[in-house]
Every structure is written in structure tokens, then in C-alpha cells.
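Number of protein chains: 2
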Amino acid sequence: MAEEAAVRAQADAVRRLKQDKADPDEIAKEVAKLLEMKAQLGEDEGKHKFVLKTPKGTRDYGPKQMAIRERAFNAIISCFKRHGAEVIDTPVFELKETLTGKYGEDSKLIYDLKDQGGELLSLRYDLTVPFARYLAMNKITNIKRYHIAKVYRRDNPAMTRGRYREFYQCDFDIAGQFDPMIPDAECLKIVHEILSDLQLGDFIIKVNDRRILDGMFAVCGVPDSKFRTICSSVDKLDKVPWEEVRSEMAVLLHQENEHVEEAVSVGSVAGGGRYDGLVGMFDPKGRKVPCVGVSIGIERIFSILEQRLEASEEKIRTTETQVLVASAQKKLLEERLKLISELWDGGIKAEMLYKKNPKLLNQLQYCEDTGIPLVAIVGEQELKDGVVKLRIVATREEVWPVAACHGGGGYVTLQTQWSFQQLL
Amino acid sequence: MAEEAAVRAQADAVRRLKQDKADPDEIAKEVAKLLEMKAQLGEDEGKHKFVLKTPKGTRDYGPKQMAIRERAFNAIISCFKRHGAEVIDTPVFELKETLTGKYGEDSKLIYDLKDQGGELLSLRYDLTVPFARYLAMNKITNIKRYHIAKVYRRDNPAMTRGRYREFYQCDFDIAGQFDPMIPDAECLKIVHEILSDLQLGDFIIKVNDRRILDGMFAVCGVPDSKFRTICSSVDKLDKVPWEEVRSEMAVLLHQENEHVEEAVSVGSVAGGGRYDGLVGMFDPKGRKVPCVGVSIGIERIFSILEQRLEASEEKIRTTETQVLVASAQKKLLEERLKLISELWDGGIKAEMLYKKNPKLLNQLQYCEDTGIPLVAIVGEQELKDGVVKLRIVATREEVWPVAACHGGGGYVTLQTQWSFQQLL
Numbered sequence: 174m175a176e177e178a179a180v181r182a183q184a185d186a187v188r189r190l191k192q193d194k195a196d197p198d199e200i201a202k203e204v205a206k207l208l209e210m211k212a213q214l215g216e217d218e219g220k221h222k223f224v225l226k227t228p229k230g231t232r233d234y235g236p237k238q239m240a241i242r243e244r245a246f247n248a249i250i251s252c253f254k255r256h257g258a259e260v261i262d263t264p265v266f267e268l269k270e271t272l273t274g275k276y277g278e279d280s281k282l283i284y285d286l287k288d289q290g291g292e293l294l295s296l297r298y299d300l301t302v303p304f305a306r307y308l309a310m311n312k313i314t315n316i317k318r319y320h321i322a323k324v325y326r327r328d329n330p331a332m333t334r335g336r337y338r339e340f341y342q343c344d345f346d347i348a349g350q351f352d353p354m355i356p357d358a359e360c361l362k363i364v365h366e367i368l369s370d371l372q373l374g375d376f377i378i379k380v381n382d383r384r385i386l387d388g389m390f391a392v393c394g395v396p397d398s399k400f401r402t403i404c405s406s407v408d409k410l411d412k413v414p415w416e417e418v419r420s421e422m423a424v425l426l427h428q429e430n431e432h433v434e435e436a437v438s439v440g441s442v443a444g445g446g447r448y449d450g451l452v453g454m455f456d457p458k459g460r461k462v463p464c465v466g467v468s469i470g471i472e473r474i475f476s477i478l479e480q481r482l483e484a485s486e487e488k489i490r491t492t493e494t495q496v497l498v499a500s501a502q503k504k505l506l507e508e509r510l511k512l513i514s515e516l517w518d519g520g521i522k523a524e525m526l527y528k529k530n531p532k533l534l535n536q537l538q539y540c541e542d543t544g545i546p547l548v549a550i551v552g553e554q555e556l557k558d559g560v561v562k563l564r565i566v567a568t569r570e571e572v573w574p575v576a577a578c579h580g581g582g583g584y585v586t587l588q589t590q591w592s593f594q595q596l597l
Numbered sequence: 174m175a176e177e178a179a180v181r182a183q184a185d186a187v188r189r190l191k192q193d194k195a196d197p198d199e200i201a202k203e204v205a206k207l208l209e210m211k212a213q214l215g216e217d218e219g220k221h222k223f224v225l226k227t228p229k230g231t232r233d234y235g236p237k238q239m240a241i242r243e244r245a246f247n248a249i250i251s252c253f254k255r256h257g258a259e260v261i262d263t264p265v266f267e268l269k270e271t272l273t274g275k276y277g278e279d280s281k282l283i284y285d286l287k288d289q290g291g292e293l294l295s296l297r298y299d300l301t302v303p304f305a306r307y308l309a310m311n312k313i314t315n316i317k318r319y320h321i322a323k324v325y326r327r328d329n330p331a332m333t334r335g336r337y338r339e340f341y342q343c344d345f346d347i348a349g350q351f352d353p354m355i356p357d358a359e360c361l362k363i364v365h366e367i368l369s370d371l372q373l374g375d376f377i378i379k380v381n382d383r384r385i386l387d388g389m390f391a392v393c394g395v396p397d398s399k400f401r402t403i404c405s406s407v408d409k410l411d412k413v414p415w416e417e418v419r420s421e422m423a424v425l426l427h428q429e430n431e432h433v434e435e436a437v438s439v440g441s442v443a444g445g446g447r448y449d450g451l452v453g454m455f456d457p458k459g460r461k462v463p464c465v466g467v468s469i470g471i472e473r474i475f476s477i478l479e480q481r482l483e484a485s486e487e488k489i490r491t492t493e494t495q496v497l498v499a500s501a502q503k504k505l506l507e508e509r510l511k512l513i514s515e516l517w518d519g520g521i522k523a524e525m526l527y528k529k530n531p532k533l534l535n536q537l538q539y540c541e542d543t544g545i546p547l548v549a550i551v552g553e554q555e556l557k558d559g560v561v562k563l564r565i566v567a568t569r570e571e572v573w574p575v576a577a578c579h580g581g582g583g584y585v586t587l588q589t590q591w592s593f594q595q596l597l
């Protein structure tokens with residue numbers, strides 16, 4: 174680029190002047206010119222073409238989505254805590270070999286990291302295998318924990334139905350040797366509490382024991398090599414009529430090669446069960462830790478909550494700001510900064526416009542737009558009187574001034590803070 | 174393995190019996206034997222050798238670490254919300270080209286994903302570039318947001334000093350065209366509030382303007398191509414005496430090839446500044462959105478809090494359980510389940526031991542170990558009287574029974590729930 178060459182030439186000129194021990198004023202002038210040229214160049218940079226998107230099967234969460242997400246997470250975390258669960262976290266990637274042999278045919282959906290030297294790594298596919306690795310690694314034989322984190326699957330995304338390549342799982346698991354069925358029952362209770370709390374409407378919890386199915390298959394003469402495949406077919410009974418599944422089974426049982434169908438899980442928002450053998454697979458001596466747990470698939474729940482919110486036209490707030498610090502006249506920036514600083518230090522959620530001299534109307538409009546319930550107005554007369562005007566935005570009602578000790582300890586005394594909180 | 178062959182033989186035997194339409198009882202017997210053998214095999218599986226570790230530079234967070242982490246996050250999130258920030262989230266990986274050209278020499282520290290077909294992806298290196306991509310993609314010119322998430326750098330880890338390859342960043346940024354220095358000042362206020370709130374001891378916030386340095390370099394005659402390198406040297410002035418930095422600079426200015434030293438940031442727990450050009454790099458028309466922000470490096474703060482907690486011998490609770498539902502006699506499992514279910518439904522955090530007939534002593538010991546303050550004891554006499562005994566674990570003081578309407582609406586009425594909460 175011609176501009177870049179010009180900047181380089183100017184830089185050289187500055188260097189020459191410096192080497193020649195030229196007049197300092199002249200050097201300073203040429204340096205200023207150089208900086209100006211550089212700044213100019215900066216502005217013209219970056220007119221490159223970028224593909225502006227998130228990776229396939231992923232999405233950003235904007236403030237509105239985050240507000241919905243927070244509601245759902247709060248319901249889920251409250252339930253987990255109510256049941257006395259501890260919480261853990263594990264890295265987003267594991268050694269590749271930690272995941273190897275845990276997912277059968279689904280292994281092809283695992284995201285591997287590029288070999289950049291060092292260990293071979295993969296993104297976690299679920300939270301269960303990292304949990305088992307954690308237990309074995311730390312020789313923990315007894316824990317009730319939850320773990321809420323993103324997992325990764327190179328699956329065919331169906332984003333409108335809440336199926337993503339990056340998605341949250343909310344897992345609750347109980348590890349340890351206990352009297353039969355007591356922890357299992359708690360897992361069911363948890364799903365019931367969460368789905369009720371989220372008010373998603375009626376739901377059905379299906380309970381099964383895999384050994385019943387195993388026995389049925391064995392009696393039917395299903396060969397060992399076809400167990401997984403036939404299970405996948407049975408999985409489809411939810412969505413496909415029996416006749417179709419039956420003919421698929423017939424074909425499968427006469428095929429030579431295994432071919433595992435992907436189970437399409439539409440409609441299900443939670444799943445779980447026992448995995449008594451998994452921890453033993455990590456323990457050098459094969460010591461087992463019986464585990465049972467449940468996983469809440471939050472993305473589909475988000476989709477439902479999002480759609481419902483849109484339909485309801487409820488206006489969702491994306492901040493928790495309680496008061497806007499505004500001014501009625503010009504040249505009060507410093508006074509606004511003083512007041513807002515005291516509010517922040519007093520634990521009150523406050524905002525102000527980043528303008529030296531904002532119009533009062535614009536400040537009130539900002540409150541209306543963002544749902545801020547109160548506005549504290551600094552004005553010349555109020556400053557003289559040592560008070561602050563406080564107004565309820567919705568009703569325009571003035572609820573202050575109270576005598577705030579401006580000269581003394583600042584605008585906001587403990588007592589006025591208290592009455593402030595009462596208003597909210 | 175011989176056992177596997179035996180299972181296969183048994184499976185074949187079952188199949189033959191089935192084909193021969195043998196006696197159903199005989200089939201059932203052989204199937205049972207097959208299942209037994211399979212179960213046996215399952216137990217012997219997995220005596221393989223695994224490397225039981227997390228990837229280099231990463232770590233698990235156990236319940237204790239999570240409790241500390243939650244404290245720090247709460248302080249940080251409260252501050253961000255107090256300042257009226259919205260929150261967003263972005264995927265853990267971006268298109269590789271989104272990160273290209275944003276980190277200079279540090280690009281070598283970016284984790285790439287393996288090319289498994291489809292898009293080329295990289296793990297995010299910070300939260301700033303994804304934020305800029307988000308703004309440009311959604312044509313947002315005005316937002317105050319925070320984002321707390323893990324970022325990834327293939328750096329040399331120094332885990333005892335809180336330097337990891339996977340680590341959290343807590344970012345607060347203000348995007349938009351505003352009157353000068355007002356948003357910048359808020360960023361400084363935020364760092365001040367958070368570091369004060371976390372009580373990490375005295376701290377220094379250093380304020381600088383890069384253009385001052387640029388001007389000094391230009392006056393000194395530093396060639397353009399050496400700007401970044403010399404900046405790295407200056408960065409070291411915190412840790413290395415001036416003489417060393419000076420000689421390094423002398424060498425650099427006489428070298429032909431650029432060589433960027435890695436800046437070692439020990440001791441710093443937050444950093445930030447303006448990046449007015451970054452969003453424009455993503456916009457197809459180069460439209461700029463001025464931004465200023467601050468990033469809290471939480472890992473080092475964790476390390477400090479962790480060490481301090483260990484030194485203080487303060488016992489940190491890892492659950493919030495308020496009451497243990499216990500029984501004084503045998504055969505009261507169902508009664509315990511009934512009571513705990515009512516407590517959960519009433520929003521009370523409750524646990525019970527997963528044993529049919531636990532000893533009272535063990536139940537009380539569990540309370541002591543985990544810090545549960547109350548124990549509700551179900552006994553035969555209490556059942557007859559329609560009451561529950563409630564005891565404060567620390568003092569052994571009995572604070573109930575109150576007349577709970579057992580027959581009517583369950584053990585816990587609204588009124589007793591209230592008095593329950595009062596005890597905690």
C-alpha cells in the first residue's frame with residue numbers, strides 16, 4: 174500500500190534527523206507527523222473480508238437469551254443444592270485416550286484437537302466420563318455432585334429444535350456403594366422437581382431396567398454382536414411405527430456387519446441411569462464405584478422458554494440497575510460521578526449516561542427503554558440545598574428529597590440507603 | 174481372552190436351542206447362565222492401564238475449590254451487575270480465521286482443532302476478539318456487557334503461581350461512541366471495587382497511554398519494525414533491573430530479525446485498555462466501534478484465596494444443606510423419604526443417608542463432618558404423636574417438636590416452614 178510506504182519514509186526521515194542530531198523542535202514536529210500518519214493508516218486498515226459467523230452448530234447468547242438461561246439455571250442449581258449436592262468442574266478437554274472406548278460408534282462425533290506437539294486432546298463429549306476419570310484419579314468412592322458445563326458433539330445440528338454441537342449439560346450424580354434404589358429414586362425426584370419448577374407443562378418420566386431388555390433379546394436369540402444395534406432400533410419406537418422398526422430389526426439380524434443407527438432424541442429433555450462399571454475402567458486395579466445419575470438437556474428447555482417468552486410479549490430486563498443518576502442542567506458531570514460512586518460503594522446498582530451534558534429527556538427515555546425503576550436527579554438547586562431528587566420513573570412521582578448530608582459524609586447515609594432499598 | 178470365547182460359545186448354544194425350538198425352561202436357564210457370564214466378564218474388563226491425569230496446564234476443581242471460586246465470582250459478578258452491565262456468552266471455539274492476525278507472535282499459543290472435515294476451528298484465546306466479532310456480526314454499536322468464561326493458551330504453565338493453559342477471564346467492556354474518558358474511568362472504578370471487595374491486600378493500579386510510549390520510541394529513533402519488540406522489553410521493567418533491559422534493547426535494535434519476547438505477567442491480576450480499531454477489522458465496511466474494557470485474571474486470585482484459606486484453617490462448607498433427615502430406629506426408610514420429600518418441596522435443603530437402617534450415631538457424625546446445622550429425627554414415638562424431633566447439631570439442643578399435622582397436609586406446614594427458616 175502507498176500509505177504504508179509513506180509512513181516508512183517518514184519514519185526513516187525521523188531517524189535521519191535523530192542521527193544528524195537535528196534541532197529537537199524539528200524532530201518533535203516530524204515525530205508528530207509520523208504518529209498522525211500511523212493513526213490515519215490504522216483507520217484504513219482492516220477492510221478485509223471476513224466470514225462473520227459462529228462455527229456450525231453453535232450460537233452466541235445475547236443479553237436476552239442469557240436472562241432466560243439464568244432463570245433456567247437458577248431453577249436447576251437450586252434443586253441440586255436443595256438435595257445437598259457438591260459441585261465440581263473439569264477441563265473442557267481430556268486426554269484423547271480418556272475418551273477412547275467409552276462411546277462406541279458415537280466416537281466419530283468427538284472433536285479432536287490438532288496435534289501441535291505434546292498430548293493428544295479431545296473436547297469432552299459428556300460430563301459422565303470426566304466425572305468417572307475424576308473419581309478414579311482422586312480415589313473418591315463416595316460423592317454426590319453436580320456439574321453444569323458445555324459438551325461437544327460433531328453431530329448434525331438441528332438448532333431450531335435445540336440441537337447444537339456445543340450445548341450445556343446439567344448433571345447430577347451419586348457415586349458410592351449404598352442400599353439399593355435409594356440414590357436411584359432421588360435422581361427421579363430431581364427430574365420431577367426441576368421439570369415441575371420450570372413449568373414446561375405435563376411430562377412423562379419413563380423408568381426402565383436395561384437388564385429386562387437384555388433378557389428379552391437373549392430369549393429372542395439376538396446374537397451378541399447385534400445387541401447395540403437392536404437397542405438403537407428399539408430406541409426409535411418413540412418416533413417410528415412398530416412395523417418400520419420391526420422390518421429394520423429383521424434386516425439388521427440378517428446383516429453381516431454391525432451398523433449402529435443414531436438415536437434421534439427429539440422431545441426428551443433429560444435422561445440418566447446407572448453406570449456401575451465406568452469408574453472401574455479407569456482404576457488401575459479395576460476397583461468399581463457404583464454410580465447413578467441424571468442429565469438435564471438444557472438447550473431444548475431454553476428453546477421452549479424462549480419461544481414462550483416471545484409469544485407472551487413479556488418484556489424481559491437484561492440488567493438489574495435500580496437507579497439512573499441523571500442531571501437536570503449542564504456541567505454536572507463531576508457531581509453525577511460523585512453520587513454514583515457513593516451509590517456503588519453502598520451496594521446500589523446504578524448507571525449514568527456517558528455524556529458530559531445529557532438532556533434530561535434522554536436520560537428518562539433511557540430508564541423507560543431499559544426498565545430502570547428510579548432516577549436520581551442532580552440539579553443546581555438541589556446541590557445548594559444538599560439534597561438529591563428521587564423520582565419513580567413509571568409514575569413520575571417524586572419520592573425524595575430527604576435531607577441528605579452533602580457536606581458531611583456524602584450524599585448517601587446509611588439511613589437513606591435503607592429507605593432507598595425499601596423503594597425497590 | 175478365554176472368558177470372551179466362553180461367552181461367545183454360550184451365546185451360540187442359546188441360539189441353537191432357540192433354533193431347535195427347545196424347551197422354554199431350558200432356554201431360560203441357559204440365557205440366565207449367559208447373562209451371568211457376561212456380568213462376570215464385565216467385572217474383569219477394564220484392567221487396562223490408563224494415564225490418569227488432566228491435560229497439561231489444566232486442573233479439576235473439587236468441591237472445596239469450587240466453593241472458593243464461587244465466592245470470588247460472586248464478588249465480581251455483583252460488581253459488574255452493580256454497574257448495570259448485561260451479560261453475553263459465545264462459543265468456546267471460533268472460526269480459525271476469526272482469530273487470525275489478532276495476536277501477533279502469540280498466535281503460536283492458539284489451540285487449533287483437528288481438521289475433521291468442515292470448518293477450521295480454534296479455541297478462543299481471550300474474550301475480547303469474540304466480543305468484537307459478536308458486535309460486528311450483530312451490528313451492535315452500543316453495549317456494556319460482561320463475559321466470564323474460560324480461555325485457552327498453549328503457554329508454559331506455572332500452576333503454583335496460578336498460570337494455566339485453561340483459565341477463566343472475567344471481562345467487562347463498554348462499546349460505543351461516548352464523551353472522552355467517562356467509560357474509561359468506570360473501568361478503573363470496577364477494578365478498584367473488585368480488588369477491594371476481595372480483600373487481597375494493598376494493590377496498585379497503573380494507568381498509561383500507549384501513545385506516550387509510541388512518541389518516546391519515535392523520538393528515540395526506534396524503527397517501526399522494532400516497536401512491538403521494544404515494548405516487550407519495556408514490559409520487563411517490572412521484574413528485571415534496568416541495566417538488563419537496556420542491554421536487551423541495544424541487542425534488539427541491532428538485530429536483523431524480529432524476535433518478540435514473551436511478557437511474563439506475574440503479580441498482575443487485572444489488565445485492560447482501549448481497542449478502538451478491533452471491531453472495524455471485522456466489519457465489511459471497516460466501521461469502527463470504540464471499545465474500552467478490563468479483564469480480571471481470576472486464577473491468580475484463586476491461588477491467593479486458596480492459600481489464605483489453608484493457612485487460616487477456616488472450615489469451608491461445600492454444600493448448603495440445612496437439615497439431615499435421620500431416624501432413631503430401624504425400618505423407617507419410607508418415613509424418612511416422606512419427610513425429606515416434603516422438605517424439598519417446601520424449598521428446604523435436606524439430605525438423608527442412603528441406607529435402609531442407618532445408626533443414629535453415624536447420622537449425627539455425618540452432620541458434624543459436613544457442617545449440617547440441624548437434624549430432624551423420625552422415631553416410632555414421634556410418628557405416633559404426629560411430630561418430628563428437631564435438634565441443633567452443635568449444641569444437641571432440641572428445638573422442636575412442634576405439633577406438625579402428620580395426618581393432614583403432611584409434616585411440614587407453611588407455619589412450621591417459617592419457623593424452620595428462622596432457625597437457620
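Protein sequence lines, in the order shown, are assigned to chains A and B. Taking my numbering, I'd label the letters of the first sequence as residues 174 to 597. Taking my numbering, I'd label the letters of the second sequence as residues 174 to 597. For glycine and all other residues, C-beta sits at the position ideal for the given N, C-alpha and C. Model, not experiment: these values are computed from the prediction.
With contacts defined by Cβ atoms closer than 8 Å, B:G349 and A:K522 do not form a contacting pair. Within the same chain, K229, G230, T231, Y325, R326, R327, D328 and P330 come within 7 Å of A:R338 by CB-CB distance, once the 5 residues on both sides are set aside.
Contact check between the region 377-395 of chain B and the region 182-192 of chain A: three or more CB pairs, one atom from each, fall below 8 Å, which counts as touching. Listed by position along chain B, the residues whose Cβ is nearer than 9 Å to that of A:R327 are Q289, G290 and G291. Taken atom to atom, the span from the alpha-carbon of A:R255 to that of A:R306 is near 26 Å. C-alpha of A:I355 to C-alpha of A:I321: approximately 23 Å in a straight line. The shortest CA-to-CA distance from B:G559 to any of B:K275, B:A358, B:S485 and B:I550 is the one to B:I550. A:S295 sits in a strand when the DSSP states are folded into three classes.
Note on the region 231-300 of chain B: whole beta strand (DSSP E) runs with a minimum of 3 residues are 266-268 and 294-296, in chain order.
The continuous stretches of alpha helix (DSSP H) do not include B:K194, and DSSP gives it neither H nor E. The region 243-251 of chain B makes no contact with the region 240-252 of chain A; the number of CB pairs closer than 8 Å stays below 3.
Listed along chain A, no residue sits closer than 9 Å to B:E571 by beta-carbon distance, the nearest being about 23 Å off. By a beta-carbon distance limit of 8 Å, A:Q238 contacts A:E479. Their separation comes to about 7 Å. Each of B:Q554, B:L371, B:F340 and B:K399 was checked against the Cα of B:V265, and the nearest Cα belongs to B:F340. Put simply, the CB of A:I261 is near chain B, with a gap under 8 Å to one of its CB atoms. About 6 Å separates the beta carbons of A:I489 and A:L482, which is inside the 8 Å limit, making them a contact pair. Closer than 8 Å to the CB of B:G335 there is not a single CB belonging to chain A. The beta-carbon of A:M310 is placed less than 8 Å from the nearest beta-carbon of chain B. The beta-carbon of A:V204 is placed less than 8 Å from the nearest beta-carbon of chain B. With contact defined as three or more Cβ pairs closer than 8 Å, the region 490-506 of chain A and the region 524-533 of chain A are in contact. Interface criterion not met: the Cβ of B:M422 is under 8 Å from no Cβ in chain A. B:K226 has its alpha-carbon roughly 12 Å from the corresponding atom of A:D456. The beta-bridge partner set that DSSP reports for B:F340 consists of B:V324. Cβ proximity to chain A below 7 Å picks out D233, Y234, G235, P236 and M239 from the region 233-249 of chain B. Relative to B:T492, the option among A:T494, A:V260, A:I403 and A:G290 whose CA is nearest is A:V260. Close partners of A:V392 in chain B (Cβ separation under 9 Å): V187, K191, P197, I200, A201 and V204. Look at the region 330-404 of chain A and you find these whole runs of alpha helix (DSSP H), each 4 residues long or longer: 355-370 and 383-393. Interface residue (Cβ-Cβ distance to chain B less than 8 Å): A:K226 is classified as such. The alpha-carbon separation between A:I347 and B:Q183 amounts to approximately 35 Å. Secondary structure at A:A186: helix, using DSSP grouped into helix, strand and coil. Under the three-state reduction of DSSP output, B:L451 falls in the helix class. Taking the Cα of B:G466 as reference, the smallest distance to any Cα among B:E203, B:D262 and B:F304 is reached at B:F304.
According to DSSP, A:E524 shares a beta bridge with A:L497. Within chain A, no residue has its CB atom less than 7 Å from the CB of B:L478, the nearest being about 16 Å off. Collapsing the DSSP output to three states places B:V467 in a strand. In the DSSP assignment, B:L563 falls within the unbroken beta strand (DSSP E) covering K562 to I565.
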